[in-house]
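Below is one structure; the comments refer to it alone.
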Amino acid sequence: MTGTITFTMIKPSAFSAGYTGNILAKIEAAGYKIKAMKKISLSKEQAGHFYEMHKERPFYEELTNFMSSGPIVAAILEKENAVESFRKFIGATDPAKADEGTIRKLYGKNLSENAVHGSDSDESAQREAGFFFSFLEMV
Ligand code: CMP
């Protein structure tokens, strides 16, 4: 399975703005299969656990406040070379630097409110998928 899945979240700002349907339509049109998906609200503690690798970074507080500010949609996506291709597809972390036509360019506002998350490695994809979904929800 390694190499064929990535994990994504539609972040609170994009969800509350009503972009979920458009973002999912673009993801599917780009050839990603939705292997698992759920709408969920994270507590600040849960958001902190998900982003624990950024604990020492100056933006950790802002990021975990934001990610626990409203519902998100979490999903596991399947495609060949999923992690790398999805990162290109969503664009640079900062929407202002993202290429035209990418999800973050279209629907992101700033570094925190950048519309979607995408795993940065196969190891992260496995960890993040397991954070949100049980074995039975992934098959
Ligand atoms: P994401 O792909 O979810 O992974 C970590 C997140 O941290 C990233 O998207 C951004 O939303 C956020 N992030 C990264 N750098 C900064 C920054 N300098 N200021 C605020 N948020 C940041």
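Residue 422 in the numbering used here sits at position 138 of the sequence shown, with consecutive numbering throughout.
C-beta atoms are modelled at their ideal positions from N, C-alpha and C, and glycine is treated no differently.
Note that the structure is predicted; figures quoted are calculated from it, not measured.
Bounding residues of the alpha helix (DSSP H) (the contiguous stretch that carries residue i)
i    : result
G414 : D406 to F416
E312 : T304 to A313
Heavy atom of the ligand CMP within 7 Å of residue i beta-carbon
i    : result
N349 : no
Y335 : yes
E346 : yes
F343 : yes
M292 : It is Thr, not Met, that sits at residue 292 in the sequence shown. False, no ligand heavy atom lies under 7 Å from that Cβ.
L395 : yes
G402 : yes
T386 : no
N365 : no
N398 : yes
T377 : yes
Neighbourhood of residue i by C-beta distance below 8 Å, restricted to the same chain and skipping five residues each side
i    : result
H338 : Y344 and L347
G332 : K339, Y344 and T348
G302 : none
Residue interval of the beta strand (DSSP E) (run including residue i)
i    : result
V367 : No beta strand (DSSP E) contains V367, which is instead part of the alpha helix (DSSP H) from A366 to I374.
K322 : K317 to I324
G402 : V400 to G402
M293 : I289 to I294
E346 : Unbroken run through E346 is the alpha helix (DSSP H), Y344 to M351; no beta strand (DSSP E).
Supposed contact pair residue j and residue i - C-beta distance, whole angstroms, cut 8 Å
i    : j    : result
V400 : M293 : 7 Å
S352 : L326 : 5 Å
I307 : I360 : At roughly 15 Å, the Cβ-Cβ gap does not stay under 8 Å, so I307 and I360 are not in contact.
F350 : S396 : 5 Å
Contacts around residue i, its chain only, beta-carbon distance under 6 Å, and the 5 residues preceding and following it disregarded
i    : result
F416 : A358
E362 : T288, I289, K317 and K319
Residues of its chain near residue i, where Cβ-Cβ distance is below 7 Å and the 5 sequence neighbours each way are ignored
i    : result
G402 : T290, T292, F370, R371 and I374
M285 : Annotation note: pLDDT 47 at M285 (below 50); position unreliable, no value reported.
F299 : G354, P355, I356 and V357
Residue-level contact to chain C via CB, residue i, 8 Å cutoff
i    : result
D383 : The structure shown contains no chain C; it is built from a single protein chain.
Problem - Three-pair Cβ contact test at 8 Å for the stretch 402 to 419 versus the stretch 304 to 318 - result: no
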